[in-house]
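Student:
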Amino acid sequence: MTSPDGETDQTAETAEAREASAREAQTTEIARVPETAQTPETPETQTPETRSGTTREAKQSRLPVSVLTLLAAMGVFCANAAFVAGRLGHADSDWANRAYWLGQALILIPIGIRLFSRRPLSKRDTIVLIVVLTVAEYLLKVCYSPSGFTFSDELLQWRSTTNLLNTGDPFTANFGIPVGPHYPGLQLATVALMDATGLSLFSAGLIVVGVAHLLFICVLYWVFTAVTRSHRVGAIAVLIYYTTPDLTSFNSMYVYETLALAFMGITVLAAWKVATLESRGDRTRWFIIAVLGILATVITHHVTSYVLTLTLMLVAVVCRFTGSRAAARRIGALAVIALAAVACWIAFVAPFTITYFTPTVQGMVNGLNSLLGSGSSSAPSTSLSPLNDQLLEGLGILATTVLLVYGCWQVWRAYKSDSWIVAMMIGSLAWFADLAIRVGFPDGQELAGRSATFVYIPVSVVTAVALTKYVNSKIVRNWRAAAMTVGAIAVITLQFDGLANGWPPYWERLPGPYQVGGVERSTGPEEIAMANWTLSKLGRGNKFATDIGNYPSLAGYGYQNPLQNVAYVFQSPTLSPALVLQYEQQGVQYVLADNRLSQALPVSGSYFPGETTVDTQKLPLIDLTKFNAPGIPRVFDDGNIVIYQVQGPAS
Amino acid sequence: MIRKNLDLAIAGVIAALGCAAAAVHAPTAVTIILGVGLIAVPGYLWAEVLLTRRTPAFERVMIGTGLALMLPIFGGLVMYAAGIALYRTAWLGLLAGGTVVGIVVLAIVRRKSAPAEPGTSAKTKTKLPVRHALIYGAAAVFAVATIVIAVISSDNQSQPGYTQLWMAQVKNEAVASLGVNNQQGGTVVYRLQLLKKGRVSATWNLTLANGQTWQRDIPYTSKYALAANLYRLPNLADPYRTVGNNQ
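If you read the sequences in order, they're chains A and B. Take 1 as the starting number for the first sequence in the working numbering and just add one per residue. Take 1001 as the starting number for the second sequence in the working numbering and just add one per residue.
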């Protein structure tokens, strides 16, 4: 059983043996593997040498795993020092930013080099390193806002969970994210942990998403390893997956997708077992696990359940044409169950999902028409990234594209009969659709970023195959050290690209004082206190016109209903009858005017939610104070934020 | 036989203690430890039910964790469909019930299953060298110190102070809530003037400590001008905050 890495079986090898197997792989290219291959590390395939091999291998390594763990911990410490400096008012200083990147380098580079290295590394140590990498990055996310949720989507989920706590009803309306309560998996798991342990919502939420995120990465590694029959290629694929822009931020936040990803991973692993195990009893057990995983995913997050369904369908179809028909039937059955579960959930529990996604789909269709019709995109750009980040992003896209094409070629040459890798190859072509979305559609950057979470899964496997093939190729055989260095640098550069162009964006990479038009740095004690005031004095669900910085606080802490597309309310110096008529027709009840908007341009590019253009001029103060007019009660004033009641309160 | 099912007994004890600790509101440290056990135990039991002994330990841990996260989701929805409000008692009942059923099912499965082949359950013991243990320990210290520093730094982050003033009508009634909240970081002396038709109708001199709130209900109408000006002493010339019905 030979892998793209040249590994035979899954046993740990000496360096010499691995070189020999690599040479063998050179001559035989990448061998085909049977469908019924065992998962790595099963006792049946382990030799006594493997089981006791950890210590022996550790001696061979110049960088023991324990030292790498310590370096990662020091990296977290160093990056957190940068966060502390940011909170002390040095968020924009060069040395604080350098400290942050030094910390990231201490985490990523040693682990990246060790996993990429051809020096033997046992499966156990590989798992330890992947866990260390995931935990280190998650700790950094926690250190960014260690006292409470500050990211807008987290605040919206926080509201859903608080509603469940208060009402005992998981489907209580949430004005900030109306579709959220229809997918209550995250809220249910969090509240169960809170009630069992007595932990606060913030602590319980951190534990739930932390465990889910770690579970997702571990399952991903296990699936990669199972599919490629090589724990080394699996580890490299995980390294490449770490280049996903939102992996260390959005996908480890307190949002429903984080938990659903873990369930999706378990389902895919179980599906692989169902397709490949020979024992009928074992297959039945894994089939049950797969069905549970499907149901949990459907209940927890809409898009993840759709991607899971498509994945199962794709694998079933590919199995039908390239592998065993029995495996195709089994995976097909799971795909049908997933499809039925999604359809039933939408039909009977979450019909609002269709309304929720309609504007997004329409925007994509319009963007596609525009792209096909004129040959150019009409998508406005809100990207203001520094040149360095843009260059890194361009380099990353180019490198990934080249590796992907090369990897697809390798897969096509050597893996035509391996259903799962062929399915991965077909799935990886979504990368090009992702690129088209990025440049062609309104909100393309955000959509592409969100979809990257899924698209990068097959892309990681295919590019890992390409990279492994590259370091085993004849051309670089005599220049192995240099080739390895180039490969490791490429992967680590891609990881830094993911961090630089992921979340938080460059303008709030470090926590610090309030910023106009920001996200985390626009949610501070003043904004939270204002939001709490609205809930206690105005009641819930009032329709607000507000800026992008106060939007999440109002929706989350305030339990209000802030509206999108309200820029027109603020972008005029006078309160004309036409303007009043327009906002009354939109149902605006309160206008929240934050005078700080007149002091700086928005760091995110836009002052108001729903805007897709970049604001290039400061908002004049008169645009915000024009509501000081007869007949408009001024109900709240804290110096910066003033709230006007433009229509009657909600009943 | 007893050793074979020792884990079932431990699972039962953890579930019982976890429920008891949560029910009697035991100290937080106790409820956290037992509560995490209460959440994790059903996952372990059902993973044992669904997986065979040949399954690698890493896979068992992953599936067990996944099942532990799934139980509150499925159970919560079933309870909700049955008309049970999802409060603490319901959750404790669900977790305890999931554990008890898991114990029973696992005991039956084990009784029915063939005895394990010699050696299949043999576990490999790998000693961690002292040097590596110390290094891992140092890494853990770094991690804990990092979290502590982050929390302290976040809690003590200096923020610009502010003062809230409000006059909000109470639910369509002829009453409004008038209030002041001081978040300036220290004690501040204010003067609050209520104006009716442009004339001062009431004055309050307020000395509010940081975080302190003053509020009261006042008669409210939209038929004539009603306003409140807050002054921050010693400046009595310019209102520091202003609210009103703007009539």
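Yeah, the Cβ is synthetic: ideal placement off N, Cα and C, and Gly gets one too. Quick caveat, the model's predicted, so the values are computed rather than measured.
(1) Give me the chain B residues within the contact set of Val76 of chain A, using Cβ-Cβ distance strictly less than 8 Å, ordered along the chain.
(2) Ignore the nearest five residues each way along the sequence and tell me which others in Tyr256 of chain A's own chain have a CB closer than 6 Å to its CB.
(3) Tell me, which residues are paired with Gln1164 of chain B by DSSP?
(4) Which class does Asp195 of chain A belong to by DSSP, given the choice of helix, strand or coil?
(5) What is the residue span of the alpha helix (DSSP H) that Asn80 of chain A lies within?
(6) Runs of 4 residues minimum, wholly inside the segment 286 to 362 of chain A: which ones carry the alpha helix (DSSP H) assignment?
(7) Between which residues of its own chain and Leu214 of chain A is the CB-CB distance below 8 Å, once the five residues before and five after are set aside?
(8) Extract the residue ranges of the beta strand (DSSP E) inside the segment 149 to 197 of chain A, only unbroken runs of 3 or more that lie entirely within it.
(9) According to the neighbour-count rule (16 or more other Cβ atoms, all chains shown, within 10 Å of its Cβ), is Ala1009 of chain B buried or exposed?
(10) At least one CB of chain A closer than 9 Å to the CB of Leu1106 of chain B: is that the case?
(11) Work out the CA separation of Leu155 of chain A and Thr172 of chain A for me, nearest whole Å.
(12) How many Å lie between Leu1071 of chain B and Tyr470 of chain A at the Cα?
(13) If we call anything under 9 Å between Cβ atoms a contact, is Tyr100 of chain A one with Arg521 of chain A?
(14) Taking DSSP as the reference, what is the three-state secondary structure of Asp637 of chain A?
(15) Check Ser3 of chain A in the structure and name its three-state DSSP category.
(16) Give the DSSP-derived three-state secondary structure of Asp94 of chain A in the structure shown.
(17) Can you name the start and end residues of the alpha helix (DSSP H) that Val1078 of chain B belongs to?
(18) Can you give me the start and stop residues for the beta strand (DSSP E) that Asp1217 of chain B sits inside?
(19) Please return the same chain residues whose Cβ sits closer than 6 Å to the Cβ of Ile437 of chain A, not counting the five positions on each side in sequence.
(20) Around the Cβ of Ala343 of chain A, are there at least 16 other Cβ atoms within 10 angstroms (buried) or fewer (exposed)?
(21) Looking at Tyr590 of chain A and Arg159 of chain A, is the spacing between their C-beta atoms short of 9 Å?
(22) Rounded C-beta distance between Thr225 of chain A and Gln495 of chain A? I'm assuming under 8 Å.
(23) Please determine if the segment 1044 to 1052 of chain B and the segment 1101 to 1112 of chain B are in contact, where contact requires at least 3 C-beta pairs separated by less than 8 Å.
(24) Any C-beta of chain B within less than 7 Å: which residues of the segment 195 to 219 of chain A qualify?
(25) For Arg1241 of chain B, which of helix, strand or coil comes out of DSSP?
(26) Kindly indicate the opening and closing residues of the beta strand (DSSP E) around Lys1196 of chain B.
(27) Looking at Trp533 of chain A and Phe636 of chain A, is the spacing between their C-beta atoms short of 9 Å?
(28) Between Pro945 of chain B and chain A, is the shortest Cβ-Cβ distance under 9 Å, so that the two count as touching?
(29) Give me, in chain order, the residues of the same chain whose beta-carbon lies closer than 7 Å to that of Val291 of chain A; leave out the 5 immediate sequence neighbours on both sides.
(30) Looking at Ile177 of chain A and Asp153 of chain A, is the spacing between their C-beta atoms short of 9 Å?
(31) Whose CA, out of A:Met530, A:Trp503, A:Ala531, A:Cys78, lies closest to the CA of Val519 of chain A?
(32) Which two residues bound the contiguous alpha helix (DSSP H) that contains Leu1236 of chain B?
(33) How would you label Val365 of chain A, buried or exposed, when you count the other beta carbons within 10 angstroms and need 16 or more for buried?
(34) Give me, in chain order, the residues of the same chain whose beta-carbon lies closer than 8 Å to that of Ile1084 of chain B; leave out the 5 immediate sequence neighbours on both sides.
(35) Could you give the C-beta distance for Val208 of chain A and Leu165 of chain A, rounded to a whole number, given that I count them as a contact under 8 Å?
Tutor: In short:
(1) Here the neighbours are Phe1142, Ala1143, Thr1146.
(2) Take Tyr256 of chain A, set aside five residues on each side of it, and the residues of its chain with a beta-carbon closer than 6 Å to its own are Tyr183, Leu186, Thr300, His301, in chain order.
(3) Paired residue(s): B:Asn1181.
(4) Helix at Asp195 of chain A.
(5) That run of the alpha helix (DSSP H) goes 65 to 85.
(6) Taking only runs of at least 4 residues, the alpha helix (DSSP H) segments lying wholly in the segment 286 to 362 of chain A are 302 to 322, 325 to 344.
(7) Excluding sequence neighbours, Leu214 of chain A sits near Val131, Thr134, Val135, Tyr138.
(8) Runs of the beta strand (DSSP E) spanning 3 or more residues and lying entirely within the segment 149 to 197 of chain A do not occur at all.
(9) Ala1009 of chain B is exposed by the Cβ-count criterion.
(10) It does not: the Cβ of Leu1106 of chain B has no partner Cβ on chain A nearer than 9 Å.
(11) For Thr172 of chain A and Leu155 of chain A, the distance between alpha carbons rounds to 16 Å.
(12) Leu1071 of chain B and Tyr470 of chain A: Cα-Cα distance of roughly 45 Å.
(13) Result no, Cβ atoms of Tyr100 of chain A and Arg521 of chain A do not sit closer than 9 Å.
(14) Strand.
(15) Caution is warranted here: a pLDDT of 49 is assigned to Ser3 of chain A, below 50, making its placement in the model unreliable, and no coordinate value can be reported.
(16) Looking at Asp94 of chain A - three-state DSSP - the assignment turns out to be helix.
(17) Annotation for Val1078 of chain B: the continuous alpha helix (DSSP H) segment containing it runs 1057 to 1081.
(18) Where Asp1217 of chain B is concerned, the enclosing beta strand (DSSP E) stretches over 1213 to 1219.
(19) Apart from the 5 residues on each side of it in sequence, Ile437 of chain A sits with its Cβ closer than 6 Å to the Cβ of Gly444, Leu447, Ala448 in its chain, given in chain order.
(20) Counting the other Cβ atoms within 10 Å of the Cβ of Ala343 of chain A gives fewer than 16, which makes it exposed.
(21) Going by C-beta atoms, Arg159 of chain A is not nearer than 9 Å to Tyr590 of chain A.
(22) The C-beta distance from Thr225 of chain A to Gln495 of chain A rounds to 20 Å, too long to meet the 8 Å contact threshold.
(23) Yes: at least three Cβ pairs fall under 8 Å.
(24) Answer in chain order: Asp195, Ala196, Thr197, Gly198, Leu199, Val211, Ala212, Leu215, Cys218, Val219.
(25) Strand, per DSSP.
(26) First-last of the beta strand (DSSP E) with Lys1196 of chain B: 1188 to 1196.
(27) Inclusion of Phe636 of chain A and Trp533 of chain A in the CB contact set at 9 Å is warranted, their separation being smaller than that value.
(28) This structure cannot settle anything about residue 945 of chain B, because the visible part of chain B is limited to 1001 through 1247.
(29) Contacts found: Ile337.
(30) Judged by beta-carbon spacing, Ile177 of chain A lies within the 9 Å limit of Asp153 of chain A, meaning their Cβ atoms are closer than that value.
(31) For Val519 of chain A, the nearest C-alpha among the options comes from A:Trp503.
(32) Looking at the DSSP string, Leu1236 of chain B is not in any alpha helix (DSSP H), and its letter there is neither H nor E.
(33) Looking at its Cβ environment, which holds fewer than 16 other Cβ atoms inside 10 Å, Val365 of chain A is exposed.
(34) Only Ala1090 meet the Cβ criterion.
(35) Contact between Val208 of chain A and Leu165 of chain A fails: their C-beta atoms lie close to 14 Å from each other, not under 8 Å.
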